[in-house]
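Taking it in order: structure first as structure tokens, then the write-up.
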Amino acid sequence: MTAEEVRSLVIETVVSPGEAARKIVGFRLPTGVLWTALALIGVLNSLYYGLLLPGAAEAGLVPQTMAESPLLIAVIVLSILAAMAYLLRISGRMLGGAGDMADMLKITVWLQGLRLLAQVAISFISLISPAIGWLVAMVVGIWGLWILIVFIAAGHGFETLKGLGTLVMTFIATILIMSVLSAALGLGPPPGEL
183 MTAEEVRSLV
193 IETVVSPGEA
203 ARKIVGFRLP
213 TGVLWTALAL
223 IGVLNSLYYG
233 LLLPGAAEAG
243 LVPQTMAESP
253 LLIAVIVLSI
263 LAAMAYLLRI
273 SGRMLGGAGD
283 MADMLKITVW
293 LQGLRLLAQV
303 AISFISLISP
313 AIGWLVAMVV
323 GIWGLWILIV
333 FIAAGHGFET
343 LKGLGTLVMT
353 FIATILIMSV
363 LSAALGLGPP
373 PGEL
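242 is the number that my numbering gives to position 60 of the sequence shown; each next residue is one higher, with no gaps.
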């Protein structure tokens, strides 16, 4: 793909997510390429969070161990992304969807890449005006959920309502997995702070 085609697909994802989703799902890419792309997105997310977390740790919003360990952040982010793709596949199949793991990896990689770009842009906007940054974050978050639902529906070949059901099932399962992973890695709140 050329840079112009990528730019066009980004715009189409925002203004016509159904069409963009069908194009993304239609790409024929080897599974190894998809897993490598997922790892790259995970590492880029980890770098972004690595820049933000020290300040969040100082404010007491995240454990200090997390802010001091970029490798730990990468493991958590990659685990969540891989689990999300797998759970999107399983949840969609439970609702009668036809999407396979490759389709869910394509959706996850593409949308996580766009989400990362949006987060970076929102961070810069927030430096200029926190209120505008917050407003942009809300709009992007809500519209991003709609885009995700449409992409899930396209990936599984069913209507949007089942895409919403798939997202809800995936969200619940992801929260459970994150809770277990956090507990296993000792990332819970410090003793006596609950």
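Think of the CB as a built atom: it goes at the ideal place given N, C-alpha and C, for glycine as much as any other residue.
Item, Value
"Between the beta-carbon of Leu-270 and the beta-carbon of Ile-289, is there less than 9 Å?", "yes"
"Helix, strand or coil: how does DSSP classify Met-286 here?", "helix"
"With a 10 Å radius around its C-beta and 16 neighbouring C-beta atoms as the bar for buried, classify Ser-361 as buried or exposed.", "exposed"
"How would you call Trp-292, buried or exposed, if buried means at least 16 neighbouring beta carbons within 10 angstroms?", "buried"
"Beta carbon of Tyr-231: closer than 8 Å to some heavy atom of the ligand MN?", "You won't find the ligand MN in this model; it holds no ligand whatsoever."
"Looking at the unbroken alpha helix (DSSP H) that takes in Glu-201, where does it start and where does it end?", "199 to 208"
"Less than 9 Å between the beta carbons of Leu-330 and Asn-227, yes or no?", "no"
"Can you tell me which of Thr-348, Gly-368, Ala-365 puts its alpha carbon nearest to the alpha carbon of Ala-267?", "Thr-348"
"When the Cα atoms are used, what is the spatial distance from Glu-341 to Ala-335?", "6 Å"
"Counting only the same chain and skipping the five closest in sequence on each side, list residues whose C-beta sits under 6 Å from that of Ile-206.", "Lys-288, Trp-292"
"In three-state DSSP terms, what is Ala-386?", "The structure shown does not extend to residue 386, since the chain spans only 183 to 376, so no value can be given for it."
"Assuming Leu-142 contacts Leu-263 under a Cβ cut-off of 8 Å, what Cβ separation, rounded to an integer in Å, is found between them?", "What the structure shows of the chain is the stretch from 183 to 376, and residue 142 is not part of that stretch, so it cannot be assessed."
"Taking the beta carbon of Ser-273 as the centre, do at least 16 other beta carbons fall within 10 Å, making it buried, or is it exposed?", "buried"
"Tell me the DSSP secondary structure of Leu-358 in three-state form.", "helix"
"Going by C-alpha to C-alpha distance, which of Leu-277, Arg-204, Ser-308, Trp-325 sits closest to Thr-352?", "Leu-277"
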